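To start, the structure under review is shown below, and the notes come after it.
Now the structure itself:
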């Protein structure tokens, strides 16, 4: 009797728990199911009802706690419900029942754990016992799945919206933090800031406008500085008249102060000509203060600009007119060199740069024109307006004049220092006028003596109409330092030109001579003997013969020495130049201990008859040990001339490439370009020191540094020359001007390099080994 009662106890507790569950007594039901499980009740219903009871109890406790803030908060009951359902899944879920998966999914859904709930719901349709489920049970599973899916989608959309809102809030917070963050611009002193703007404005003329809009402090520093706003550039853009007003107002002086006004005006080809009238009226009051004027546009646009813009310029120092489309035939017709911009008493003009102009000079055959003895009509008042003209540059231009040619212009320029003529064609008559009077021929005059002239540059690709305007033989320039002459069809050899009375007086002082594409006769060596100060010589494309190079090499070791100060030479395009002659010439300009060695002669066995007696071994060895012919190198005791440090042999196809490593080891710069010729480099532009100041440290930095490492490099300056921008230790060395200083730098760098080479032993890289292998191959040939 007692054993049957004990067997029914778990069932009784289970039945009691079911009754309590249906009555909503969740706490009592949980305790009843606990007793049944403890006493050994093995049916899954006890675990399933216990989990449901714990879940309902958790919801009731949480609702009561939310209202009264007393009692349990339901977390413990929820944890018990989850643990009981998980145990039921492990005990009965795999094969016996699918209901534990449903209960566990429901528990997870109540706590918004949608992903885990959906994973358990997805297991139910694959359960083997689910095939016997009733329609009501299937509907319950489907309903719970839809609830989980809908709530999951809603949660994702809500989270997405929150993320977007958070991103916007973060951006706003970041912008606010930046605005309210630390600012270091107050650490930049106003004078330092103005210096930065002044220097950077050369490469970016619009920098001042943009910098003044950064912040109020920078604006307060820049706006009162009239010097910042004295450079006005007009091109394409909106609100151009407003920009002009702003610049002009900011560069004007106040009451009682010295008047400054606009100093520089530049008009580009992108300027809207329709605004010329309006802008011209704004600029006209400042015309008398403008010192630099530059106009780049078509001939028609330039005429409109000059008609509406500037007149009565008494302070103009530099005038630059560039006609666009010259290659297509565009030309600007002018009657005055200054385009009638200067006042009659203006004496400030220093530089004139004209491109694409056609000057129609005076025709003295007309009875109303004054006779030849009067001043020329290049300008209205040459004695005043050309008194300080130091540089004149004409490019792609034509000159029509009966007597007002270029030479008559130069006689009124006592301060002229540089004359640059590029593709200038001079005609001996004016353009026929409406009167139909025939033009008068040019009368030959006496040579002009220009004591201040230092540079004469003449380039022309035209084979006709090359008058004496382009020939430096028509002037007397005793202080000429640089002569550059490349004129096709000139009909005069280099010797005849340099021996003319006009130039011969300047030969001892000449420092740069460029005679590209000019016939070089054999007696040119005699002329070079007089050039004791020459440092740069350009004989590119001049058909120089091998005997000339031999004489040039041997002349450096004889007294009086030939070109004792020569440090740079350009021999581009000389097909007669060979490696032995070039080696001897370079050796004559190097110290004796650094000369390129002569290649070792190879023993060539003599051909003999097969019946002749064989020669002894000793005789064959003696034939192979014949000493090579001596090379023309200076003796150890004789001091060499100035060291050669710049060499250009572009387009020299006959020079053996095996000689180049030896040349590059001993010279500062060697160019051997076989592609399209670079005329600027051939002519030695940049004072022929493109890489002169690159020391050994500079070259090592350039070779070892990657793409992100700043390297020492050659940069162009604003005046058409070049300089080395150092980022190594030399960046802190004060710069000095002059060629003598650069020569001393090259010598000191070379001596330091030789000292380092003497200390280095057999440690070598792959590139150096290959280079030395090529050099040794050259010596064995």
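Numbering (our numbering), first residue to last: 405 to 1185.
Quick reminder that beta carbons are idealized off the backbone N, C-alpha and C, glycines included.
For clarity, every value in this text was computed on a predicted model and none was experimentally measured.
Helix, strand or coil for residue i per DSSP?
{"i": "residue 830", "result": "strand"}
{"i": "residue 1077", "result": "coil"}
{"i": "residue 668", "result": "strand"}
{"i": "residue 792", "result": "coil"}
{"i": "residue 817", "result": "coil"}
{"i": "residue 485", "result": "helix"}
{"i": "residue 860", "result": "strand"}
{"i": "residue 685", "result": "helix"}
{"i": "residue 513", "result": "helix"}
{"i": "residue 442", "result": "helix"}
{"i": "residue 602", "result": "helix"}
{"i": "residue 1097", "result": "In this predicted model, residue 1097 has a pLDDT of only 49, less than 50, meaning its place in the structure is not dependable enough to derive any value."}
{"i": "residue 952", "result": "helix"}
{"i": "residue 763", "result": "strand"}
{"i": "residue 749", "result": "coil"}
{"i": "residue 450", "result": "helix"}
{"i": "residue 643", "result": "coil"}
{"i": "residue 678", "result": "helix"}
{"i": "residue 1050", "result": "strand"}
{"i": "residue 1140", "result": "Bear in mind that the predicted position of residue 1140 carries a pLDDT of just 36, short of 50, making it too unreliable to give a figure here."}
{"i": "residue 879", "result": "strand"}
{"i": "residue 713", "result": "coil"}
{"i": "residue 754", "result": "coil"}
{"i": "residue 736", "result": "strand"}
{"i": "residue 942", "result": "strand"}
{"i": "residue 722", "result": "strand"}
{"i": "residue 592", "result": "coil"}
How should residue i be labelled, buried or exposed, when 16 other C-beta atoms within 10 angstroms of its C-beta is the threshold for buried?
{"i": "residue 783", "result": "buried"}
{"i": "residue 445", "result": "buried"}
{"i": "residue 1016", "result": "For residue 1016, the pLDDT reaches just 45, beneath the cut-off of 50, and the residue's location in the model is therefore unreliable, although a value from the coordinates is still provided. Exposed, since its Cβ has fewer than 16 Cβ neighbours within 10 Å."}
{"i": "residue 830", "result": "buried"}
{"i": "residue 912", "result": "exposed"}
{"i": "residue 1080", "result": "exposed"}
{"i": "residue 939", "result": "buried"}
{"i": "residue 535", "result": "exposed"}
{"i": "residue 503", "result": "buried"}
{"i": "residue 891", "result": "buried"}
Under 8 Å by Cβ, that's how I've got residue i and residue j pegged, so tell me the actual separation to the nearest angstrom.
{"i": "residue 950", "j": "residue 988", "result": "About 11 Å; that fails the 8 Å criterion."}
{"i": "residue 1194", "j": "residue 465", "result": "The chain is shown only over 405 to 1185; residue 1194 falls outside these bounds and no answer can be derived."}
{"i": "residue 709", "j": "residue 701", "result": "7 Å"}
{"i": "residue 459", "j": "residue 413", "result": "Actually they are not in contact, since the Cβ atoms of residue 459 and residue 413 sit about 26 Å apart, beyond 8 Å."}
{"i": "residue 993", "j": "residue 970", "result": "7 Å"}
{"i": "residue 488", "j": "residue 509", "result": "Residue 488 to residue 509, Cβ: 14 Å. No contact."}
{"i": "residue 461", "j": "residue 421", "result": "That belief does not hold up - the Cβ atoms of residue 461 and residue 421 are roughly 13 Å apart, past 8 Å."}
{"i": "residue 810", "j": "residue 803", "result": "6 Å"}
{"i": "residue 862", "j": "residue 919", "result": "That pair is no contact at about 11 Å."}
{"i": "residue 511", "j": "residue 480", "result": "That belief does not hold up - the Cβ atoms of residue 511 and residue 480 are roughly 14 Å apart, past 8 Å."}
{"i": "residue 788", "j": "residue 750", "result": "7 Å"}
So, residue i versus residue j, is the Cβ gap smaller than 8 Å?
{"i": "residue 942", "j": "residue 1087", "result": "yes"}
{"i": "residue 909", "j": "residue 885", "result": "no"}
{"i": "residue 952", "j": "residue 924", "result": "yes"}
{"i": "residue 723", "j": "residue 753", "result": "yes"}
{"i": "residue 699", "j": "residue 671", "result": "yes"}
{"i": "residue 980", "j": "residue 931", "result": "no"}
{"i": "residue 801", "j": "residue 758", "result": "yes"}
{"i": "residue 853", "j": "residue 880", "result": "yes"}
{"i": "residue 451", "j": "residue 492", "result": "yes"}
{"i": "residue 551", "j": "residue 525", "result": "no"}
{"i": "residue 457", "j": "residue 433", "result": "yes"}
For residue i, I'd like the list of residues in its chain whose CB is within less than 6 Å of its CB, leaving aside the five on either flank, ordered along the chain.
{"i": "residue 795", "result": "755, 822"}
{"i": "residue 668", "result": "635, 696"}
{"i": "residue 983", "result": "1059, 1060, 1063"}
{"i": "residue 922", "result": "898, 946"}
{"i": "residue 520", "result": "512"}
Leaving out the 5 sequence neighbours to the left and right, which residues in its chain are closer than 8 Å to residue i when beta-carbon positions are compared?
{"i": "residue 469", "result": "475, 476, 477, 478"}
{"i": "residue 625", "result": "594, 597, 598"}
{"i": "residue 645", "result": "679, 682, 683, 686"}
Starting from the C-beta of residue i, find all residues in its chain whose C-beta is less than 7 Å away, skip the five residues before and the five after it, and write them out in chain order.
{"i": "residue 627", "result": "616, 654"}
{"i": "residue 1161", "result": "Model confidence at residue 1161 stands at a pLDDT of 45, short of 50, so the residue's coordinates are unreliable and nothing is read from them."}
{"i": "residue 1067", "result": "990, 1051, 1074"}
Any heavy atom of the ligand FAD closer than 7 Å to the CB of residue i?
{"i": "residue 429", "result": "By its list of ligands, the structure shown contains no ligand whatsoever, and the ligand FAD lies outside what it can speak to."}
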